[in-house]
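Numbering (our numbering), first residue to last: 25 to 230.
Heads up: the structure comes next, in structure tokens.
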């Protein structure tokens, strides 16, 4: 890609510490050159109960895990959670849980939270933030839930639905950053990258 690089600073290696194809697609759409090196860190362990803080903590852990393997470059970590009333929903473990997630969301307003962390390898300098988007589901039927489960789409998505896929058919309204619901809030990510001299909008790497 054509990029403007400061004379004394070559374009940094940018690493996405996630195996999510949705996050990779979002980075591709903004023209950011990157490599995918998933974090080996799972979601086990002690993390904050508050879902926003939990998403942020998980993003940081994932980015740090990969950043420690390199001497230079910027590592992007992310984690998405869905919260409705007192329930916090990650990725459903099986068909039954996916169905429960969807039924808990129907007809209700819920929060989608993505924690994003950018860690500089070598120095381990870190910038992180969390984005929150509100999504209202329409009152879909049990039959529609079953039809959606048949597609196989819910099973690796936070909350059990994909807003960029057939899950969009369940959405009544969205308030906030759409890319956040997909899995990576691009506006928030740019704000973090700017602190490291990287601007995807102008394709500047300083």
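Beta carbons: idealized from backbone N, C-alpha and C, even for Gly.
Checklist entry - Could you give the residue range of the alpha helix (DSSP H) that holds residue 206? => result What you label residue 206 is simply residue 182 of the chain shown in a count that begins at 1. From DSSP, the alpha helix (DSSP H) with residue 206 extends over 202 to 206.
- request: Can you grab the Cα-Cα spacing for the pair residue 59 / residue 208, in whole Å?
  value: The count along the chain shown starts at 1 and reaches residue 59 at position 35. The count along the chain shown starts at 1 and reaches residue 208 at position 184. C-alpha separation (whole angstroms): 16 angstroms.
Continuous alpha helix (DSSP H) stretch holding residue 170: start and end:
Locating residue 170 in the chain shown gives position 146, where the first residue counts as 1. Residues 166 to 175.
### Message
Checking the sheet assignment: what are the DSSP bridge partners for residue 93?
### Response
Within the chain shown, residue 93 is the residue found at index 69, counting from 1. In DSSP, residue 93 forms no bridge with anything.
**Asked** With DSSP run on the structure shown, which of helix, strand or coil describes residue 32?
**Response** Position 8 of the chain shown, counted from the first residue, corresponds to residue 32. Because the pLDDT of residue 32 is 44, which lies under 50, any placement of that residue in the model is unreliable, and the question is left without a value.
Report task. Note down the Cα distance separating residue 216 from residue 73, rounded to an integer number of angstroms. Result -> Position 192 of the chain shown, counted from the start, is the residue given in the question as residue 216. Position 49 of the chain shown, counted from the start, is the residue given in the question as residue 73. So the two alpha carbons sit approximately 25 angstroms from each other.
Only counting the same chain, and skipping five residues up and downstream in sequence, which positions put a Cβ closer than 7 angstroms to that of residue 32?
Locating residue 32 in the chain shown gives position 8, where the first residue counts as 1. Note on residue 32: pLDDT 44, under 50, position unreliable in the model; the coordinate value appears next. Once the five neighbours on either side are set aside, residue 32 has no close Cβ partner at all.
From 95, 161 and 46, residue whose alpha carbon lies closest to that of residue 193
Mapped onto the chain shown, residue 193 falls at position 169. When each option's Cα is compared against that of residue 193, the closest is 161.
- Does DSSP classify residue 214 as helix, strand or coil? Walking along the chain shown from the start, residue 214 turns up at place 190. Of the three classes helix, strand and coil, the one that applies to residue 214 here is helix, per DSSP.
Query - Contact check, residue 132 vs residue 112, beta carbons under 8 angstroms - result: Numbered from 1 along the chain shown, position 108 holds the residue referred to as residue 132. Numbered from 1 along the chain shown, position 88 holds the residue referred to as residue 112. No, the pair does not count as a contact, with Cβ atoms beyond the cut-off.
Our contact map puts residue 200 next to residue 157 with C-beta atoms below 8 angstroms; I'd like the distance itself, whole angstroms only.
Taking the first residue of the chain shown as 1, we reach residue 200 at position 176. Taking the first residue of the chain shown as 1, we reach residue 157 at position 133. That pair is a contact at about 3 angstroms.
- prompt: So, do the region 138 to 150 and the region 168 to 178 have three or more beta carbon pairs nearer to each other than 8 angstroms?
  reply: no
Handout entry: N- and C-terminal bounds of the alpha helix (DSSP H) containing residue 47
Key = Counting from 1 along the chain shown, the entry for residue 47 is found at position 23. Counting along the chain, the alpha helix (DSSP H) containing residue 47 begins and ends at 45 to 53.
### Query
How many whole angstroms separate the CB atoms of residue 61 and residue 38, which I take to be in contact at a CB cut-off of 8 angstroms?
For the purposes of this step, residue 61 is taken as residue 37 along the chain shown, with counting starting at 1. For the purposes of this step, residue 38 is taken as residue 14 along the chain shown, with counting starting at 1. Not confirmed; about 11 angstroms, so no contact.
Limits of the unbroken beta strand (DSSP E) element including residue 135: For this step, residue 135 is matched to residue 111 along the chain shown. Residues 133 to 144.
Original post:
Looking at the structure shown, is residue 79 part of a helix, part of a strand, or coil, going by DSSP?
Top reply: The count along the chain shown starts at 1 and reaches residue 79 at position 55. Here residue 79 sits in helix by DSSP.
With H, G and I counted as helix, E and B as strand and the rest as coil, what does DSSP make of residue 85? Counting from 1 along the chain shown, the entry for residue 85 is found at position 61. DSSP places residue 85 in helix when its eight states are reduced to three.
Margin query: Please state whether the Cβ-Cβ distance between residue 96 and residue 145 is less than 8 angstroms.
Written below: The residue given as residue 96 occupies position 72 in the chain shown. The residue given as residue 145 occupies position 121 in the chain shown. Going by C-beta atoms, residue 96 is nearer than 8 angstroms to residue 145.
| task | Sort 79, 90, 78 and 36 by Cα distance to residue 42 and report the nearest one. | result | Position 18 of the chain shown, counting from 1, holds the residue named residue 42. Ranking 79, 90, 78 and 36 by Cα distance to residue 42 puts 90 first.
Q) Helix or strand or just coil, what does DSSP make of residue 25? A) Residue mapping note: residue 25 aligns to position 1 of the chain shown, counting from 1. Caution applies to residue 25, whose pLDDT of 42 falls short of 50 and renders its modelled position unreliable; the model cannot decide the point.
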